[in-house]
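Taking this note's numbering, the leading residue of the sequence shown gets 9, the next gets one more, and so forth.
Read through the structure below, which is laid out as structure tokens, and then see the notes.
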Amino acid sequence: SGTFLHGNYWSPESPGEVNVSHGCVGLRDVKGGGADTPAGWFFDRSLVGDVIEVVHSKDKTVSPDNGLSGWNMAWKQWKAGSVLQ
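As structure tokens, then:
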């Protein structure tokens, strides 16, 4: 579950131009991965769990329960679901 970022070598004209995914964010890449591609640049500078924000999307916000955490949930709502009140 969740929205994933990954390299996309099989459709180089698509990232940022054509919606060919079921919710992932595809970054231009080469087969096997390449350090000199947008995907390589991003993955060399990010860590698992880094928060990203997709802007200017015409789609809806991801459901708070679709993923590893509640980044799409208001803090008050997040705390309300905690056993630590």
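Note that beta-carbon positions come from the ideal geometry of N, C-alpha and C, so glycine has one too.
All values reported here derive from a predicted model rather than from experimental measurement.
Inter-residue Cα distance where the pair is residue i and residue j
i: Val-62; j: Phe-12; result: 11 angstroms
i: Ser-65; j: Ser-22; result: 15 angstroms
i: Val-38; j: Val-70; result: 28 angstroms
i: Gly-40; j: Ser-29; result: 20 angstroms
i: Leu-92; j: Ala-82; result: 17 angstroms
i: Val-59; j: Ala-88; result: 22 angstroms
i: Gly-57; j: Asp-73; result: 16 angstroms
CB of residue i within 7 angstroms of CB of residue j, strictly
i: Gly-42; j: Gly-34; result: no
i: Thr-45; j: Arg-36; result: yes
Element boundaries [alpha helix (DSSP H), containing residue i]
i: Gly-40; result: Taken as a continuous stretch (DSSP letters only), Gly-40 belongs to no alpha helix (DSSP H), as it is neither H nor E.
i: Gly-48; result: 46-52
Beta strand (DSSP E) segment containing residue i, residue limits
i: Gly-15; result: 13-16
i: Gly-34; result: 33-36
Any non-hydrogen atom of the ligand MG closer than 6 angstroms to residue i Cβ
i: Val-56; result: Because no ligand of any kind appears in the structure shown, any question about the ligand MG cannot be addressed here.
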